[in-house]
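K.L.:
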Amino acid sequence: MKRRSLLKAGALAGTLSNLPPAIRYSLADTPAQSVEQLPPLEGELTMYLGRGEGGLYESILDAIRKRNPGLELGIRRGETAALGNTIVAEGKAGIRRADLFWAVDSGAIGLVDDAGLARALPKDLIGQLNPEFRYPHWAPVSGRIRTVPYNTERLTAGDIPEQIMALADTDLKIGWAPAYGAFQSFVTAMRLLEGNDATIKWLHDMNSRATSYAGELGMVMAVERGEVDVGFANHYYTLRLKSGKPDARVDLAFTKNDAGCLVNASGIVALGDGDLPINFIRYLLTREVQSYLAREAYEIPLVSGVEPPQGLPSLNDISPPAVDLTRLADLRPTLDLMRDAGVL
Amino acid sequence: MNVHTIYISLILSALLLTGQAQATGTVGDHVNDLQGNLDNYTEEVHWIIDKVDGIVNTYQARGREAAGADGVVDIWEAVDFHSAIETNNVPIYASIWQGLFGVKTAIDNQEHIENVREQQAMLEQSLWQALGAVKMAANYQQKGLLATVESTGASTPVETMDEIKQLLDRVVAKFAEWLPDEATNIVHDTYLTRFEGVEGMLIEQDAALVEDLEKDFNVTLPLAIKDNLSVDEVRGVVLAMQAKLDHAKSLLVEAEKNRQDVF
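Which chain is which? The protein sequence lines are A and B, in order. With the first sequence counted from 1, adding 5 to any position gets you our numbering. With the second sequence counted from 1, adding 7 to any position gets you our numbering.
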């Protein structure tokens, strides 16, 4: 079996040719802005806000409100997918209630974008984002990377295969949370990258010996306890566990250029007219908000010049696969595959 | 915490769950005008008590078959008061179901009449408690407090902790209604859509507490329901979880105080 060391020097080799399709949306780079450079927000805005991130998005919204007393911001909260469906349904009925949609995953963004409801964003705003996260109709706000958390008492990073598909051929004890949205996005990415046949075979092989958990933090904790050797999870669960338990017996490994190291993102769409929704998005891309998300939520900043969360390598040192994140909205075939494989 | 605070907390929080209650399709518009329906609810409570007393009297006089103990559930489901308490105080709502099935089971098992009367007395106590809670809710509804909360929803981790506690009350209620699958679904949904969103922050404060609650959500409580323990035993698991959630809440409050500002 091909083994490797974690994040070897030179892992970046070839990265530029493997960046997601968004990079082809070529624009001049615009430096990340400070909130001090932005115009005040005045007027009424209604935001549909996907539930998640433990309320930290709410702290950001409160801070924006406090800084902009002339802004009347109404918020409708709900599950991200449900809100995305609501926006599409409202659009079909010729109604628009939301001026902005901040979703915790890009799949729901794709749903709204595909329905033709998302406004085009100005080039200077898109140019603030790192090249691989530039999309014409939505702005990724913060990222999270799929990882392979492993038990450090049993394994080293070199014991983890470079390719996610190869994990099915190991004798490692594996944990997963197949009902979890982030896991299903990961399988969707695998389906897009490897094809249906390879994906269902992988699911089938893994299903015969993987232990299922309800959520990914619970699964990471199981890795730490040694209940399983490795798992599949977004990076921040491990970082947070290690923050609360510094001697936790778990660390992160990254596969290479496949769904196992997919970088997904939360994102925001402007639906309403005028400058106000667009300017609101600018606040989310400021150095201050991006730093806050990295510091408090362990999310990956997506503008230049902001440090990633402590304990996570720079995106430049990881080789994520080329996947148009909005295509992750196409969940139905993924769920069909997972059911066919007996995973769900 | 004084009695008023407790009631406000219960009432306001229960309203957050109104959407779920409505999902059963049994909630009428009357719950939006509790004050205007108090006389009706009071009459219904008297009616329920009389009807159940009739069943118990028949059991005492003519035995199990003549009593038709299944009727206690039909009686309860026939009244508007059912949804009035379900949408305003889930813990008492659970106690009513516990009392209804207490009477029914005691009759079905042909227990001594004293045991049946004991269950009947517990049911009546829960019904009067429920009427008091609905009157209090009507008072707050008139002041506009309930509608305000309903449209806001939990927006902070601390509020989410309260929401989780109320959803766990609903787990007990559904279990007391003899709807174990529904109770289990609420446990799973609460974990995935509420607890999972805040446990990342919590684990930075107390990893062992999160480990404990993870086990409660994914093993202890579902197993208590699956093993068909008594309502009191399931309630005991939930109360223990709620105490842990209170501790978690206090940790999150402290963490929030230390958090740096966004700007």
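By construction, the Cβ of each residue, glycine as well, lies at the ideal position given by its N, Cα and C atoms.
1) Run the proximity test for Glu41 (chain A): is its beta-carbon closer than 7 Å to any non-hydrogen atom belonging to the ligand COA?
2) Shortest alpha-carbon distance to Thr49 (chain B) belongs to which of B:Ile92, B:Val63, B:Lys150, B:Leu107?
3) Kindly indicate the opening and closing residues of the alpha helix (DSSP H) around Trp104 (chain B).
4) I need the boundaries of the beta strand (DSSP E) containing Arg151 (chain A), first residue and last residue.
5) Got a sec, what are the start and stop residues for the alpha helix (DSSP H) Val255 (chain A) sits in?
6) Which residues of the region 233-261 of chain A have a Cβ closer than 7 Å to any Cβ of chain B? Give them in chain order.
7) Where do the ends of the alpha helix (DSSP H) carrying Phe106 (chain A) lie?
8) What does Ala214 (chain B) reach in chain A if we use C-beta pairs closer than 7 Å?
9) Name the chain B residues that come within less than 8 Å of Leu222 (chain A), Cβ to Cβ?
10) Under 8 Å between C-beta atoms, does Leu107 (chain B) make it to chain C?
11) Mind checking if Gly200 (chain A) is an interface residue toward chain B, Cβ cutoff 8 Å exclusive?
12) Assuming Leu175 (chain B) and Arg201 (chain B) are in contact, meaning their beta carbons sit under 8 Å apart, how far apart are those beta carbons, in whole angstroms?
13) Let me make sure I understand the geometry here. Which of A:Pro36, A:Asp329, A:Ala302, A:Val40 has the alpha-carbon closest to that of Asp129 (chain A)?
14) Using the three-state DSSP reduction, which class does Gly115 (chain A) fall into: helix, strand or coil?
15) Alpha carbon to alpha carbon, how far is Asn44 (chain B) from Gln136 (chain B)?
16) Roughly how many angstroms separate the alpha carbons of Asp67 (chain A) and Ile62 (chain B), rounded to a whole number?
17) From what residue to what residue does the beta strand (DSSP E) around Ile210 (chain B) run?
18) Please tell me whether Tyr297 (chain A) has its Cβ less than 8 Å away from any Cβ of chain B.
19) Compare the C-beta of Leu17 (chain B) with all C-beta atoms of chain A and state if any pair is closer than 8 Å.
20) Helix, strand or coil: which one does DSSP assign to Ile179 (chain A)?
21) Quick check on the DSSP output: what are the complete beta strand (DSSP E) runs of length 3 or more inside the region 178-218 of chain A, in order along the chain?
22) Which two residues bound the contiguous beta strand (DSSP E) that contains Gly139 (chain B)?
23) Under 8 Å between beta-carbons, which chain B residues line up against Ile65 (chain A)? List them in chain order, please.
24) Got a sec: is the Cβ-Cβ distance from Val192 (chain A) to anything in chain B below 8 Å?
25) Determine contact between the region 214-228 of chain A and the region 285-293 of chain A, defined as no fewer than three beta-carbon pairs at a distance below 8 Å.
26) Enumerate, from N- to C-terminal direction, the unbroken alpha helix (DSSP H) stretches of 4 or more residues contained entirely within the region 270-323 of chain A.
27) Ordered along the chain, which non-local residues of its own chain (more than five positions away) have a Cβ less than 7 Å from that of Asp345 (chain A)?
28) Would you kindly check if the distance between the Cβ of Leu130 (chain B) and the Cβ of Gly106 (chain B) is under 8 Å?
29) Would you tell me roughly how many angstroms separate the C-alpha atoms of Ala264 (chain A) and Val97 (chain B), rounded to the nearest one?
30) Taking the alpha-carbon positions, what's the Trp143 (chain A) to Leu307 (chain A) distance?
31) Taking only the alpha-carbon atoms, compute the straight-line gap between Glu84 (chain B) and Arg101 (chain A) and give it to the nearest angstrom.
32) Using a cut-off of 8 Å between C-beta atoms, extract the partners of Tyr100 (chain B) located in chain A.
33) Would Arg292 (chain A) and Ser39 (chain A) qualify as a contact pair, given that the criterion is a beta-carbon distance under 8 Å?
34) Does DSSP classify Val268 (chain A) as helix, strand or coil?
35) Verify whether the separation of the beta carbon atoms of Ser147 (chain A) and Ser271 (chain A) is less than 8 Å.
36) Alpha carbons only, please: which of B:Asp77, B:Asp169, B:Gln117, B:Ala180 is nearest the one belonging to Glu240 (chain B)?
P.N.:
Here's the rundown:
1) Among the components modelled here there is no ligand, and therefore nothing to report on the ligand COA.
2) Taking only the C-alpha atoms, the option nearest Thr49 (chain B) is B:Ile92.
3) 97-115 is the span of the alpha helix (DSSP H), which, as asked, contains Trp104 (chain B).
4) 144-156
5) From DSSP, Val255 (chain A) is part of no alpha helix (DSSP H) but of the beta strand (DSSP E) over 255-258.
6) When CB distances to chain B are screened at a threshold of 7 Å, the residues of the region 233-261 of chain A falling below it are Tyr241, Tyr242, Arg245, Leu246, Ser248, Gly249, Lys250, in chain order.
7) That residue, Phe106 (chain A), is in no alpha helix (DSSP H); its beta strand (DSSP E) goes 105-108.
8) Leu246, Gly249, Lys250
9) Glu203, Glu206, Gly207, Ile210, Val217, Glu221
10) Reference to chain C is not applicable here, since the protein chains of this structure are A and B.
11) no
12) With a beta-carbon spacing of about 10 Å, Leu175 (chain B) and Arg201 (chain B) fall beyond the 8 Å limit used to define contacts.
13) Looking at the Cα atoms, A:Pro36 is the closest of the given residues.
14) helix
15) 17 Å
16) Just so you know, the alpha carbons of Asp67 (chain A) and Ile62 (chain B) end up roughly 57 Å apart.
17) Careful: Ile210 (chain B) lies outside any beta strand (DSSP E), inside the alpha helix (DSSP H) at 203-212.
18) Under the Cβ criterion of 8 Å, Tyr297 (chain A) is counted among the residues facing chain B.
19) In this prediction, Leu17 (chain B) has a pLDDT of 41, which is less than 50 and means its spatial position is unreliable; what the coordinates show is noted afterwards. Among the residues facing chain A, Leu17 (chain B) is not included, as its CB has no counterpart in that chain under 8 Å away.
20) strand
21) 179-181
22) It is not in any beta strand (DSSP E) - Gly139 (chain B) instead sits in the alpha helix (DSSP H) that spans 120-149.
23) Val269
24) Chain B, which has no Cβ nearer than 8 Å to the Cβ of Val192 (chain A), makes this no.
25) Contact between the region 214-228 of chain A and the region 285-293 of chain A is absent, because fewer than three Cβ pairs lie under 8 Å.
26) 280-289, 292-301
27) Ile205, listed in sequence order.
28) yes
29) 44 Å
30) Within the model, the alpha-carbon separation for Trp143 (chain A) versus Leu307 (chain A) is close to 13 Å.
31) 40 Å
32) Within 8 Å Cβ-Cβ: nothing; Tyr100 (chain B) doesn't reach chain A, min ~25 Å.
33) yes
34) Strand at Val268 (chain A).
35) yes
36) B:Ala180
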